[in-house]
Amino acid sequence: MFFRIALLTSACSFAIYWYCVRIHPEDPAKYEQLMLESFAFRTHKTLEHEPAYQTRQGVQKDIWTNNETRHFQIQSRESGLWVHQKKDKFEAVETLEEIRCQLPNDFTLCANEGVYTYPSHHFVAQKNCLLEQRGNRVAGTRIDLDLDEASLHLENPSGLIEGGRFRFTAKELTWEKDSNLLHLIDDVCIKQQDGLTFLSHLCTVQLQDDKPTLMTLQGNVRLIASQFQGKESYAMADRLTYNPLEKTFLFGADRRVLFWQDGLTLSAPEVLIRRDEAIEGHGEVHFTFDLDEQNCIDDFFKQYL
Numbered sequence: 153m154f155f156r157i158a159l160l161t162s163a164c165s166f167a168i169y170w171y172c173v174r175i176h177p178e179d180p181a182k183y184e185q186l187m188l189e190s191f192a193f194r195t196h197k198t199l200e201h202e203p204a205y206q207t208r209q210g211v212q213k214d215i216w217t218n219n220e221t222r223h224f225q226i227q228s229r230e231s232g233l234w235v236h237q238k239k240d241k242f243e244a245v246e247t248l249e250e251i252r253c254q255l256p257n258d259f260t261l262c263a264n265e266g267v268y269t270y271p272s273h274h275f276v277a278q279k280n281c282l283l284e285q286r287g288n289r290v291a292g293t294r295i296d297l298d299l300d301e302a303s304l305h306l307e308n309p310s311g312l313i314e315g316g317r318f319r320f321t322a323k324e325l326t327w328e329k330d331s332n333l334l335h336l337i338d339d340v341c342i343k344q345q346d347g348l349t350f351l352s353h354l355c356t357v358q359l360q361d362d363k364p365t366l367m368t369l370q371g372n373v374r375l376i377a378s379q380f381q382g383k384e385s386y387a388m389a390d391r392l393t394y395n396p397l398e399k400t401f402l403f404g405a406d407r408r409v410l411f412w413q414d415g416l417t418l419s420a421p422e423v424l425i426r427r428d429e430a431i432e433g434h435g436e437v438h439f440t441f442d443l444d445e446q447n448c449i450d451d452f453f454k455q456y457l
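Sequential numbering of the sequence shown, starting at 153, is according to my numbering.
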C-alpha cells in the first residue's frame, strides 16, 4: 500500500515539474518580452498621470526633417524637458535658455529663450530674437518656426536686406522658403539708402541670392522721396510694383494715383516712373488735383510739404 502511494506521488510530482516548472528553450525569450511589455505598460500609465521631467546643461539638438535632407541644430545653455502621453501618443516639450540655432540656407537665430516640441517639430523663440543670413538681418520679439515646412513667422520685425541698402519695419513677417518670398504685414515701412521711403499695409519681397528682385506693395501705399530727380517727391496709391534691379515704379489705384513733385501735380489711374526717372501718367491724366485729391495730399503730406 505504501509503495503504491509513493509511486503515485512521484508520478504526480514528475508531471507537475514536466508541464509547469521545467524551463523550455523558448521560455527566456518569452520572459524577456513579457517584462518589456510590463515595463512599457507601467511607463505608459505613469506618463499619462504624471509627465516625466529632466533638466539638462549644455544642450545641442540636431534635428533632421524632410526625409532627413533638411538639418537644424539648436544649442542652448540649459533646458528643461517634459515628456507627456495621451493614450498612445507621446509629446516632448523642451524649454531652452540662451539659444543659438543653425538653420538651412545659412540662417543663424539667437534668442534668450525658446520652446521646441516633438514630434510636431515646432520651435518658438522669444525675447531679443535675431535672425541673420549673410547680408540680411532681422530682429523681433518672437519667431515661430515650423521645421517640417521650413516656414517662419516673426512678430514686430525690424531689419535690413542687402547689407543695409533696404531697411524695414512692420508688425509681422512671414517667410516662404520654397518660393523665397518675404511677406511684411501691417504698418510696413521700407527705407532705401538713396532716400526713398515706402509705406503700405502689405509688402511682398521676392528674393534671389539674398537680394530683393521685386517688391509688391498693397493697401494705402505712400512714396516719400527726398531726392527723387533731385526734388522732393510724394505719391499716394493703392498698390505699387517696384523693381529694384530695373529701378522702375508702377503705381496703380482703383480710382486715381496722386503724385506731387516740387509743385508738379499728376492724377491718373496709373503712374510709371522709369529708370531714367521720367514720369508717365497712364489713362485719363490730370495735371491738377480736385478738392478731394488736394485734401488727401494735404492731410498726409503736410508734415513734409
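All C-beta atoms in this analysis are idealised placements derived from N, C-alpha and C, irrespective of residue type, glycine included.
Should residue i go down as buried or exposed, given a rule of 16 or more other Cβ atoms within 10 Å for buried?
| i | result |
| --- | --- |
| G404 | buried |
| F242 | exposed |
| A322 | buried |
| E436 | exposed |
| A430 | exposed |
| P271 | exposed |
| D410 | Note on identity: in this sequence residue 410 is Leu, with Asp being the wrong assignment. L410 is buried by the Cβ-count criterion. |
| G433 | buried |
| G266 | buried |
| E184 | For E184, the pLDDT reaches just 49, beneath the cut-off of 50, and the residue's location in the model is therefore unreliable, although a value from the coordinates is still provided. Label assigned to E184: exposed. |
| F380 | buried |
| A277 | buried |
| L443 | exposed |
| Y205 | exposed |
| L416 | exposed |
| R229 | exposed |
| G210 | exposed |
| E246 | buried |
| F401 | buried |
| R408 | buried |
| S352 | buried |
| L397 | exposed |
| Y394 | buried |
Span of the beta strand (DSSP E) holding residue i?
| i | result |
| --- | --- |
| G311 | 310-313 |
| E422 | 416-425 |
| V276 | 274-285 |
| E436 | Element bounds for E436: n/a, residue is neither H nor E. |
| E265 | 259-270 |
In this structure, how does DSSP classify residue i when only helix, strand and coil are distinguished?
| i | result |
| --- | --- |
| D390 | strand |
| R194 | For R194, the predicted model reports a pLDDT of 47, less than 50, meaning its position is unreliable and no value from the coordinates is stated. |
| Q381 | coil |
| L402 | strand |
| D451 | helix |
| D444 | helix |
| D240 | coil |
| D296 | strand |
| L186 | Residue confidence is low: L186 scores 42 on pLDDT, short of 50, so the model does not pin down where it sits. No coordinate-derived value is stated. |
| P180 | At P180 the pLDDT is 45, less than 50, meaning the model places this residue with poor confidence and gives no usable figure here. |
Give me the Cβ distance between residue i and residue j, rounded to the nearest whole Å; I'm assuming they're in contact under 8 angstroms.
| i | j | result |
| --- | --- | --- |
| A244 | L233 | 6 angstroms |
| C281 | R294 | 7 angstroms |
| T217 | L283 | Going by Cβ atoms, the distance from T217 to L283 rounds to 19 angstroms, so no, they are not a contact pair. |
| L497 | L306 | No answer is possible for residue 497: it lies beyond the span of the chain, which begins at 153 and ends at 457. |
| Q285 | F259 | 5 angstroms |
| D414 | D390 | Not quite, the Cβ-Cβ distance comes to about 24 angstroms (not below 8 angstroms), so this is no contact. |
| F320 | I342 | 5 angstroms |
| V340 | L359 | About 16 angstroms separates the two Cβ atoms, so there is no contact after all. |
| L369 | F350 | 6 angstroms |
| D346 | G287 | 17 angstroms between Cβ atoms; not a contact. |
4-residue-minimum alpha helix (DSSP H) runs that sit fully inside the stretch 198-236, ordered along the chain:
none
What are the uninterrupted segments assigned as beta strand (DSSP E) that are 3 or more residues long and contained completely in the stretch 301-374, given in chain order?
303-307, 310-313, 318-321, 324-328, 333-344, 348-360
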